[in-house]
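Order-wise, the sequence lines are chains G and S. The first sequence lines up with residues 26 to 211 when you count with our numbering. The second sequence lines up with residues 26 to 211 when you count with our numbering. Backbone N, C-alpha and C define an ideal beta-carbon position, used for all residues, glycine too.
2 protein chains.
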Amino acid sequence: MKVGAEEAGEPPMDAAPKTAVNRGISRLDFIMRIVAVIGTLGSAIAMGTTNETLPFFTQFIRFRAAYSDLPTFKFFVVANAIVTAYLILSLPLSIFHIVKSGARATRTVLIILDTAMMAFLTSGASAAAAIVYLAHKGNTRANWFAICQQFNSFCERVSGSLVGSFIGILVLLLLILFSAVALSRN
Amino acid sequence: MKVGAEEAGEPPMDAAPKTAVNRGISRLDFIMRIVAVIGTLGSAIAMGTTNETLPFFTQFIRFRAAYSDLPTFKFFVVANAIVTAYLILSLPLSIFHIVKSGARATRTVLIILDTAMMAFLTSGASAAAAIVYLAHKGNTRANWFAICQQFNSFCERVSGSLVGSFIGILVLLLLILFSAVALSRN
């Protein structure tokens with residue numbers, strides 16, 4: 026019976042659970058990429074549509090705040106948009122890994138690209154977080170005022186848009202972890 | 026002759042160059058970790074010792090700037106110090122990979138820890154970069170003034186200390202790349 030099973034092309038006993046685990050990892054990889062896309066896309070849209078005009082104005086100045094007033098927030102939107110595009114483009118490769126769970130070269134490529142994208146997204150998100158912190162708290166030593174006292178809803182929206190980006194970073198970190206585990210099990 | 030060579034415990038012909046390449050990668054890994062340690066340690070020290078007292082003062086205020094005035098710079102120092110400690114602690118594992126180039130589990134662990142540390146270092150460095158940019162250029166819309174016009178040498182030193190950190194990020198990115206390649210060749 027055992028010889029017959031091996032002749033019929035079934036994998037040996039110890040290889041079968043390995044393939045199953047790697048296929049499970051690949052499926053999780055696919056789902057998590059979609060979660061990350063939702064996070065980064067949401068961040069990009071939430072930040073990119075943020076502006077607030079205060080209901081009072083003087084003769085010379087109309088108090089208006091938009092994300093594009095701060096270059097760091099522009100970088101945040103660009104970083105999130107690029108990572109979203111990358112994650113969508115990486116989905117076919119993720120599907121390929123579900124079908125062919127023993128793939129090595131493509132997994133290596135994906136680890137490297139994921140790492141680069143995670144670094145890029147982290148830099149955008151933490152630079153924006155530093156500015157958001159400054160907007161909330163200000164800095165008395167540098168004489169930078171907390172603009173959130175005036176632009177309240179602007180600040181809330183900007184702070185909220187960071188969340189999706191940090192979810193994206195966490196998911197990318199887990200994706201690299203899973204890819205490394207799958208690669209070491211091959 | 027060929028049988029004799031295999032009986033003497035030598036690896037088969039196609040495995041020998043693989044091991045040699047992996048050993049080469051492991052040696053490069055060790056050297057690059059030392060480069061990264063120099064970068065991040067230099068950054069932490071350069072930022073941590075930065076302060077400037079201006080040569081003039083009024084009756085009430087003495088103009089003094091230190092890195093600890095800005096919480097982001099404190100985070101930068103802490104992040105660099107932690108990554109330096111991690112890199113030094115990872116050196117024995119790197120030596121172990123030179124000796125035993127076929128190791129898989131430890132390489133996987135190192136990829137995951139390297140990735141986490143890279144994300145941590147990137148967040149510290151880019152948050153600091155965002156604040157340094159603000160200190161140089163200011164922001165007229167938010168009414169934040171460019172403090173670098175007064176604290177010139179403070180700003181130069183702070184900007185310079187970012188360099189080591191970004192070198193560390195690049196080296197960690199390459200370390201992850203090399204580890205992934207070595208893992209996929211095993």
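Proximity of the stretch 99 to 109 of chain S to the stretch 58 to 71 of chain S meets the contact definition, three or more beta-carbon pairs being nearer than 8 Å. Interface residue (Cβ-Cβ distance to chain S less than 8 Å): residue 143 (chain G) is classified as such. Listed by position along chain G, the residues whose Cβ is nearer than 8 Å to that of residue 50 (chain S) form an empty set, because the closest Cβ is around 13 Å away. In the assembly as shown, residue 56 (chain S) is an exposed residue. Its beta-carbon has fewer than 16 other beta-carbons within 10 Å. For the 8 Å CB-CB criterion, residue 91 (chain G) and residue 189 (chain G) do not form a contact. Between residue 95 (chain S) and residue 164 (chain G), the beta carbon gap of about 6 Å places them in contact (Cβ cut-off 8 Å). Chain S has no Cβ within less than 8 Å of the Cβ of residue 88 (chain G). Between the C-alpha atoms of residue 125 (chain G) and residue 153 (chain S) there is a straight-line separation of about 43 Å. Chain G has a Cβ within less than 8 Å of the Cβ of residue 130 (chain S). Annotation for residue 184 (chain S): 157 place their beta carbon closer than 6 Å to its own, counting only its chain and skipping 5 residues before and after.
Chain G places no beta carbon closer than 8 Å to that of residue 68 (chain S), leaving this residue out of the contacts.
Shortest Cα-Cα distance from residue 137 (chain G) to any of G:52, G:50, G:204 involves G:204. Only those residues of the stretch 145 to 160 of chain S whose C-beta falls short of 8 Å from the nearest C-beta of chain G are listed: 147, 148, 149, 150, 151, 152, 153, 154, 155, 156, 158, 159, 160.
Runs of the alpha helix (DSSP H) lying entirely within the stretch 46 to 98 of chain G and spanning at least 4 residues: none are present. In the same chain as residue 52 (chain S), and ignoring 5 residues on each side of it, the C-beta atoms closer than 7 Å to its own belong to 123, in chain order.
Contact annotation: residue 197 (chain G) and residue 139 (chain G) have beta-carbon atoms nearer than 8 Å.
DSSP places residue 164 (chain G) in the strand class (E or B) of the three-state scheme.
Residue environment for residue 114 (chain G): exposed (fewer than 16 other C-beta atoms within 10 angstroms of its C-beta). According to the DSSP assignment, residue 180 (chain S) belongs to the alpha helix (DSSP H) that extends over 177 to 210. Minimum Cα-Cα distance from residue 159 (chain S) among the listed residues S:149, S:148, S:172, S:147 corresponds to S:172. Take residue 145 (chain G), set aside five residues on each side of it, and the residues of its chain with a beta-carbon closer than 6 Å to its own are 104, in chain order.
Taking 8 Å as the cut-off, the beta carbon of residue 209 (chain S) is found no closer than this to the beta carbon of residue 207 (chain G). Residues of chain G with a Cβ closer than 8 Å to the Cβ of residue 166 (chain S) are, in chain order, 90, 94, 95. Between residue 155 (chain S) and residue 202 (chain S), the alpha-carbon positions lie close to 27 Å from each other.
Considering only G:186, G:178, G:194, G:120, the residue with the shortest C-alpha distance to residue 80 (chain G) is G:178. At a Cβ-Cβ threshold of 8 Å, residue 119 (chain S) and residue 54 (chain S) count as neighbours.
Within chain G, the C-beta atoms nearer than 7 Å to that of residue 202 (chain S) come from 137, in chain order. The shortest CA-to-CA distance from residue 116 (chain G) to any of G:135, G:45, G:100, G:93 is the one to G:135. Here residue 132 (chain S) is buried: its Cβ has 16 or more other Cβ atoms, across all protein chains shown, within 10 Å.
At a C-beta separation below 8 Å, residue 133 (chain G) has these neighbours in chain S: 205, 206, 208, 209.
Looking at G:69, G:49, G:77, G:68, the one whose alpha-carbon comes closest to that of residue 176 (chain G) is G:77.
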